[in-house]
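Each remark here refers to the structure printed beneath this line.
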Amino acid sequence: MKQYAYYPGCSLESLATSYNLSTLEVAQKLGVDLKEIKDWNCCGATAYFPVDELLAHTLVARNLALAEKDGLSDFVAPCSACYKNAYFTNSYLKKDADLAEHINYALEADGLHVNGTMKIRHLIEVFIEDVGLDEIEKKITHPLKGLRVAPYYGCQLLRPRKDHENVENPQFFENLLSALGAESLDYPSKTRCCGGSLIVTNRKAALDMVQILLQDAVNRKADVIATTCPMCNVNLEVYQNQVNREFGTQYSIPVMYFTQLMGVALGIKPGKLGIGKELVSGEPVLAFAY
Amino acid sequence: MSEKIGVYVCHCGTNIAGTVDVKGVAEWAAEHLKHRGVVIGREYKFMCSSLGQELVEKDIKELGLTRVIVAACSPHLHEKTFRTACKNAGLNPYLCEMVSIREQVSWVHTDKVAATEKSKAAISGGVERVIHNEPLEPIQVPIHADTLVVGGGIAGIQAALEIADAGYHVCLVEREPSIGGHMAQFDKTFPTLDCAACILTPKMVEIGSHPNITLLTWSEVEKVDGYVGNFKATIRKKASYVNTDTCTGCGICWEKCPKKVVDDVYEAGLGIRKAIYRPFAQAVPKYPVMDVENCTYFKNGKCKACQLFCPTEPNSINFEQKDEILEIQAGNIILATGYDLFDAKRIPQYGYGKLPNVFTSLEFERMCNAAGPTEGRVVLRDMKTAPKSVVIVHCVGSRDENYNKYCSSICCMQSLKFAHLVMERTGAEVYNCYIDIRTPSKDYEEFYKRVLEEGGHFIRGKVAEVTDSARLPEEEGKLIVQVEDTLIGKQRRIPVDMVILSAGIEPRHDAKEVGKLFGIACGASGWYTEKHPKLDPVATMTEGIYIAGCVQGPKDIPASVAQGAAAAARVLGKIQQGVIALEPIKASINETQCSGCRICNGLCPFNAIAFIEDDKVSSINPALCQGCGTCVAACPAGAISGTGFSDQQIIAQIDGLLLKNLEEPVAA
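For the protein sequence lines, the chains are A and B, in the order given. Sequential numbering from 852 applies to the first sequence in my numbering. Sequential numbering from 63 applies to the second sequence in my numbering.
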C-alpha cells in the first residue's frame, strides 16, 4: 500500500497536539499510511522567509530531502503554512536550477540531496482525492446531522493556486463536511486571513481580523468553525476572550480541526481525537453525533 | 541562367535604412547573386511611391527583366502594389516576390551589421524562390447578387436595410422569434437617453415589410457550402406551430395559454411569458412561436387551449407542423450574431444568484423598460420596494485576469446611464465603483460630467465582495459592498439596498462552432478575426464572408450600426463588380498519390477540401481554397502541392537563405 511522508510540523507537537492525534486516528481509520519523516525540522513558518529566502528554502528543502531519501513520492502536511512552504520550495527547486544548486550545496553538509520531485499536498487534499468522499461517507457511523459548520479554509491552504479550484470560492471543504452529514454553511469569510502571526506583532490589527471571522460565523448561526490549520485554530479560539473585551462582544463558539469532526463522524472516541482540550468546549458539537 | 532578375531594396524612410545598410545590400545582390540571374540591384527611399514603381516598370521594359524581387515591408501591405506595377509593364504579376526586411528584419533587430547580413540572406532566399515561380492567371467567378445576413440585431438590421435599399435581395436569418437583438431589450440609449425602442422599431418594421428582404426568424443556418459569389446555405426554419398565412398576431393564444415560463432570453429572467409567446409587443414578425419544451400539450398530450381559442378561420395553430429545411443561394454573407452577457455567477464573491438584490445589467435594463416586468419602476427583487441606495459595480468579468482580459467597452457608459436612471426614478444615492472611467466617443465625456453633477458618487476601486454578513448595526439587512477606495487609500464597506453588476460582454457561447460553419476564425478572446484590425475591420480572411457588430469585438450601438453599414458597402461593391478575381495561389491534390486518409479534410480552415467517396480521394475546391498551405504541410503522402509555394520553391528558398547559392550551383 502507498505510504505518505508525513510532516506534522512544530505546532502539532505543542499547541495543536489534538490536531496530530485526530489526524493519526482518522488516517488509520481510512487506511492512509502516514510515515512520519525522521528527524524533520521546522519549516520556518511565516517568519523566516522575509528574513532570508535562501536559508528559509534550505530549511524546507531539508525536510523534502529526508522524505525523498525514504523513497516516498507523496509529502503530506496538516498545517497550511507548512504545506504552503513545502509546495513553493518544491516547485522552485524544479524551476530554478541556480536555487537548487545553492540549496544542495548547503544540504551536502548533512549528506543530503533534494530533487524537488515530491507531490506536495495538504492533509485535506489527500483525504478527498486519494480516499474519496464516497469512501469516507461509507465509513461514517455517527453522521453529524444538523450540525451547522462554518468551513474555514484560511488563506494559505489556497495559495498554491491549483487550476481546478476557484480560489475565491472553493467548494471542497463544504463537500467533505456534507459527506460527514453536517450542514455546511455559506461562510462569507472562509478564505480571509486570520491575522496569522500578526497577533504577536500587532495585536489590535489581528483582533480586528479575528472579529470579522467570528461575526460572520455567528451571522450564519454556526455551531462550530472547522479549521485546516493550527495557526487559524489558535487565533480563532484562544483570542475569543480578547476580542470580546476589545469589541464588547460575547463570542463563545467552538473551533475544531476538520480531522476532529471527521473522527467524531467515523465513530472514534472523542478522547482519542483530543476533544476536551479546547478552551471553548466542543461538547455541544458531540451532541449532534451521539 | 536564362532568368533576368531585378532586386529592389527599399529604405522605407528610416524604417529599414535605420537598421540595415540598404545601399550595401543592393550592391551585394547585384554583385554576389549575378550568377543566379540578378542583372540589377537598386535601392530607393520609398519603393511604394509612384517613382519607385516606375523604376521597376522601366527596368522590365528596358532590361527585359523576367523576375522581380522587392525587399521592403511585409507582402500583406504592398505585394499588390508591386505585382500591379509588373503587370503594367507586361510581366506576369506572380513573377514578382516581396522579401520582408522591415517586419522580419529592421523592426526586430538593433544590430546594424547583423541586420544587414540577414537582409542579404533573405533576398538570396527570395531570388532562389522567384526563379521557380510560374506565371499564374487569377480565377474569375461570377457573383450571385443575393446576400445572406445572419443575426437580426441592430448591426444585421442596418446591413440588411442598406443592401435592400440599394435594390438587391437579402435573406435575414434570426435564431430568436423576433429581430431586434439586445437593443430591443434596452430602455434608454447613451448618451442621448433616447428611447431604444423608438429608434429601433422603425427599422424593424422596415425589415418586415421590405420587398427586397426575406426574413427568416426562429431559424438557424446549419450548413454553408460554396465560395465567394456562390454560397449555398442550408437553413432550418424551426416549427413554430403557428400558421403565419392565417395568424393575425391578435394575441388571444398567449392570453389563454395556462403555462407560465420564466423568460430567460428577452426578459433576462426577470419576467415571465407563456409557452406560446411573442417576446415583446413590437416584435417583427408579429407571429408567436410555441416553446415545445414547456407546452402542456407537448408534455402530456392535453390542453390545446391556444388552438381552442384561436379566432382565425382556418385555425392558425397547427400541432403537426414540422421543421422546414430551406436552401438559399447567396454571393456574400454578413455575420452579425452579436454577443452573450458575461455570466455574473462565475464571480461568486459578488453574490449574484445568491443574494436576491444583486442584479445584472441586462436585468436592470429590463427593469427600466416601461414595457418590462416592473413597467419601468426601479425596485428590489420583491418587485415593490424602491432602493434608497445602489452600488453599480463596473468591469464585472472584464479587465480581469481571471475572466476576460479585454475591456468590454460599453460598460462604463452603460453604468453611467444606470446611475442617471436610478437617481431620476428613485432619488437613491448611487455609488459607481470603477477601475477607470472610459468615455472616448462623441458626447460621452459630457454625459459622465452630467452624472457627476447630478450627484452620482464615484469610487475608484475594484469591488472585492458583496455580502449580506453584517458587522455593524447599520449594515443589518443591507448588502455590504467591500471596496478599496484607491484615491483615498482606504478600505470601505458601503451598506446599500441594491447592487447592479455591470457585466461585460462575451463572444456567443457557440461562436467557435458558428465560425467553423462559415469558415472564419476566432481570435484569442473568441471574437471573429477581421482581415485587418484597422484597415479592413468588416472583411474576414475568407472571401465573401463579412462580420459586423459585436461579433468582431465589444462595441456600442453607434459602432455596430457603422459596421453594419460598412459591411453592406463592401458587399454592394462586390455585387456591382459582377465577377470576382480570385488569387491563383491554391493548393491541389495529386490524386494518384492521395491515399484517402482524410487528414487534410478536417484541417482546412476554409472547408475547401471534400472527400470524393467514389474515387476514395480528397479534392480541393479552388474557389474556396485561400492558399494557406496547412494541408500541404499536413499531407503524410506529400500528395498536396501549392501553386506559389511548391516544395521546390520552398527548398530553393531555404538553400538561398543559407547562402548555399554563393559557392556552388543550387540543386535545380
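Just so you know, even glycine gets a beta-carbon here, dropped at the ideal spot from N, CA and C.
**Request:** Compare the C-alpha of B/G114 against each of B/G413, B/Y70 and B/K479 and name the closest.
**Result:** Relative to B/G114, the option among B/G413, B/Y70 and B/K479 whose CA is nearest is B/Y70.
**Request:** Return no unless some Cβ of chain A is closer than 7 Å to the Cβ of B/S531.
**Result:** The C-beta of B/S531 comes closer than 7 Å to at least one C-beta of chain A.
**Asked** Thinking C-beta only, is B/Y289 closer than 7 Å to B/A629?
**Response** Contact: no.
**Prompt:** In three-state terms, what does DSSP make of A/N1086?
**Reply:** Residue state, collapsed to three classes: helix.
**Item:** CB of B/A133 within 7 Å of CB of B/V161, strictly
**Value:** Yes, the pair counts as a contact, with Cβ atoms nearer than the cut-off.
**Request:** State the Cα-Cα distance for the pair B/E65 and B/L153, rounded to the nearest angstrom.
**Result:** A straight-line Cα-Cα distance of about 13 Å links B/E65 and B/L153.
**Request:** For A/Y1141, count neighbouring C-beta atoms within 10 Å of its own C-beta (all shown protein chains included) and say buried if the count is 16 or more, exposed if not.
**Result:** Sixteen is the threshold: since fewer than 16 other Cβ atoms of the shown chains lie within 10 Å of the Cβ of A/Y1141, the residue is exposed.
**Prompt:** Within the 7 Å Cβ cut-off, does A/L1039 reach chain B?
**Reply:** Residue 1039 of chain A is actually Pro in this sequence, not Leu. It does; some Cβ of chain B falls within 7 Å.
**Alpha carbon of B/V664 to alpha carbon of A/D985, nearest angstrom** = Reading off the sequence shown, one finds Gly at residue 664 of chain B, where the question assumed Val. Here the alpha carbons of A/D985 and B/G664 stand approximately 42 Å from one another.
**Asked** What three-state label does DSSP hand B/H140 in the structure shown?
**Response** If DSSP states are grouped into helix, strand and coil, B/H140 belongs with the helices.
**Request:** Could you list the residues in the stretch 1093-1105 of chain A with a C-beta less than 8 Å from some C-beta on chain B, going in chain order?
**Result:** Going along the stretch 1093-1105 of chain A in chain order, one finds no residue with a Cβ nearer than 8 Å to chain B.
**Item:** Within the stretch 631-717 of chain B, ranges of the alpha helix (DSSP H) (whole runs, at least 4 residues)
**Value:** As summarised for the stretch 631-717 of chain B, the continuous alpha helix (DSSP H) elements at least 4 residues long and confined to that stretch are 661-665 and 692-696, given in chain order.
**Asked** Hey, is A/D1067's beta-carbon within less than 7 Å of any beta-carbon in chain B?
**Response** Yes - at least one Cβ of chain B is within 7 Å of the one on A/D1067.
**Asked** Can you list the residues of chain B that A/E1019 reaches, using a CB-CB cut of under 9 Å?
**Response** At a beta-carbon threshold of 9 Å, the residues of chain B lying near A/E1019 are I409, P410, Q411, N464 and E527, ordered along the chain.
**Prompt:** According to DSSP, which residues form a beta bridge with B/K250?
**Reply:** Answer is B/C257.
**Prompt:** Contact between the stretch 175-182 of chain B and the stretch 136-151 of chain B: three or more CB pairs below 8 Å?
**Reply:** As far as the Cβ criterion goes, the stretch 175-182 of chain B does not touch the stretch 136-151 of chain B, which means the pair count is below three.
**Prompt:** What is the DSSP secondary structure of B/P599, counted as helix, strand or coil?
**Reply:** Coil at B/P599, not helix or strand.
**Item:** Rounded C-alpha distance that separates A/C1006 from A/E1019
**Value:** Distance between A/C1006 and A/E1019, taken at the CA atoms: about 10 Å.
**Request:** Would you mind stating whether B/T276 and B/E389 have Cβ atoms separated by less than 7 Å?
**Result:** B/T276 is not a Cβ neighbour of B/E389, given a cutoff of 7 Å.
**Prompt:** Are B/L58 and B/N419 close, meaning C-beta to C-beta below 7 Å?
**Reply:** Because chain B in this structure spans residues 63 to 730, residue 58 of chain B falls outside the shown range and cannot be described.
**Request:** Rounded to whole angstroms, what's the CA-CA distance from B/F520 to B/R533? Just pull it up for me.
**Result:** Near 24 Å, if we compare the C-alpha coordinates of B/R533 and B/F520.
**Asked** Which residues in the same chain have their Cβ closer than 6 Å to the Cβ of B/K524, if we skip the five residues on either side of it in sequence?
**Response** These residues qualify, in order along the chain: I497.
**Message:** Would A/N936 and A/C894 qualify as a contact pair, given that the criterion is a beta-carbon distance under 7 Å?
**Reply:** Their beta carbons are under 7 Å apart, which means A/N936 touches A/C894 by this criterion.
**Prompt:** When the Cα of A/V1085 is compared with those of A/T874, A/G1032, A/L1064 and A/T968, which residue comes out closest?
**Reply:** Per the Cα distances, A/L1064.
**Request:** Can you check DSSP and say which residues form a bridge with A/H964?
**Result:** By DSSP's assignment, A/H964 forms no beta bridge with any residue.
**Distance between B/G99 and B/A729 (C-alpha atoms, nearest Å)** = Bear in mind that a pLDDT of 48 at B/A729, under 50, signals an unreliable position, so the number given afterwards is only what the model happens to contain. Taking the straight line from one Cα to the other gives about 15 Å.
**Item:** Secondary structure of B/P557, DSSP reduced to three states
**Value:** The DSSP-derived three-state label of B/P557 is strand.
**Asked** Using a Cβ-Cβ distance under 7 Å, would A/N1070 count as near chain B?
**Response** At least one chain B Cβ lies under 7 Å of A/N1070.
**Prompt:** Below 7 Å between beta carbons: does that hold for B/L210 and B/Y412?
**Reply:** Against a cut-off of 7 Å, the Cβ pair of B/Y412 and B/L210 comes out as no contact.
**Prompt:** What separation, rounded to the nearest whole angstrom, lies between the Cα atoms of B/A490 and B/C473?
**Reply:** Looking at the two C-alpha atoms, the distance is approximately 21 Å.
**Prompt:** Just curious, the alpha helix (DSSP H) that B/Y303 is in, first and last residue?
**Reply:** Looking at the DSSP string, B/Y303 is not in any alpha helix (DSSP H), and its letter there is neither H nor E.
**Asked** Cα separation between B/E236 and B/A246?
**Response** When rounded, the separation of the alpha-carbon atoms in B/E236 and B/A246 is 14 Å.
**Bounding residues of the beta strand (DSSP E) (the contiguous stretch that carries B/A610)** = That residue, B/A610, is in no beta strand (DSSP E); it is neither H nor E in DSSP.
**Asked** Excluding five sequence neighbours on each side, which residues of the same chain lie with their C-beta closer than 6 Å to the C-beta of B/F248?
**Response** Taken in chain order, the residues that qualify are A258 and E427.
**Prompt:** Taking all protein chains shown into account, do 16 or more other C-beta atoms lie within 10 angstroms of the C-beta of B/H594, making it buried, or fewer, making it exposed?
**Reply:** Flag for B/H594 reads exposed.
**Prompt:** Taking C-beta to C-beta, are B/R231 and B/N274 nearer than 7 Å?
**Reply:** Note that residue 231 of chain B corresponds to His in the displayed sequence, not to Arg. Yes. Within cutoff.
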